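Report on the structure given below.
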Amino acid sequence: MIEELRISSLGVIDSSTLELGPGLTVITGETGAGKTMVVTALGLLLGGRADTGAVRAGAKQARVEGLVSA
35 MIEELRISSL GVIDSSTLEL GPGLTVITGE TGAGKTMVVT ALGLLLGGRA DTGAVRAGAK
95 QARVEGLVSA
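Going by this note's numbering, the sequence shown wraps up at 104, each residue one higher than the last.
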């Protein structure tokens with residue numbers, strides 16, 4: 035289970051840590067809030083291909099880290 039997701043310089047997200055608990059997690063927010071970037075970060079964490087266009091404007095790189103439990 036993914037317990038924590040840390041995102042830096044990905045799309046509209048400058049820096050964010052998302053703590054996930056057991057059960058259903060629902061991500062809501064206004065347009066441009068970063069919901070798609072959270073889903074993109076999850077995909078990257080699971081081995082998806084990175085798109086250089088997703089790096090935040092002005093940043094050299096984006097970073098996605100996760101804490102996974104068995």
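We put the CB at the ideal spot given by N, CA and C, even for glycine. Note that the structure is predicted; figures quoted are calculated from it, not measured.
{"Query": "Once DSSP output is grouped into helix, strand and coil, what is the label at Leu-78?", "Result": "helix"}
{"Query": "Can you tell me which of Ser-103, Glu-37, Met-35, Val-46 puts its alpha carbon nearest to the alpha carbon of Thr-74?", "Result": "Val-46"}
{"Query": "Taking the alpha carbon of Glu-81 as the point to measure from, which residue in Val-98, Ala-93, Met-71 has its own alpha carbon closest?", "Result": "Reading off the sequence shown, one finds Gly at residue 81, where the question assumed Glu. Of Val-98, Ala-93, Met-71, the residue nearest in Cα terms is Val-98."}
{"Query": "Which term fits Met-35, buried or exposed, when burial requires 16 or more other beta carbons within 10 angstroms of its beta carbon?", "Result": "exposed"}
{"Query": "Could you check the C-alpha separation between Ser-103 and Arg-40 for me, to the nearest Å?", "Result": "15 angstroms"}
{"Query": "At which residues does the beta strand (DSSP E) containing Ser-50 begin and terminate?", "Result": "47 to 53"}
{"Query": "Look at the alpha carbon of Gly-57 and the alpha carbon of Ala-93, and state the distance between them as a whole number of angstroms.", "Result": "34 angstroms"}
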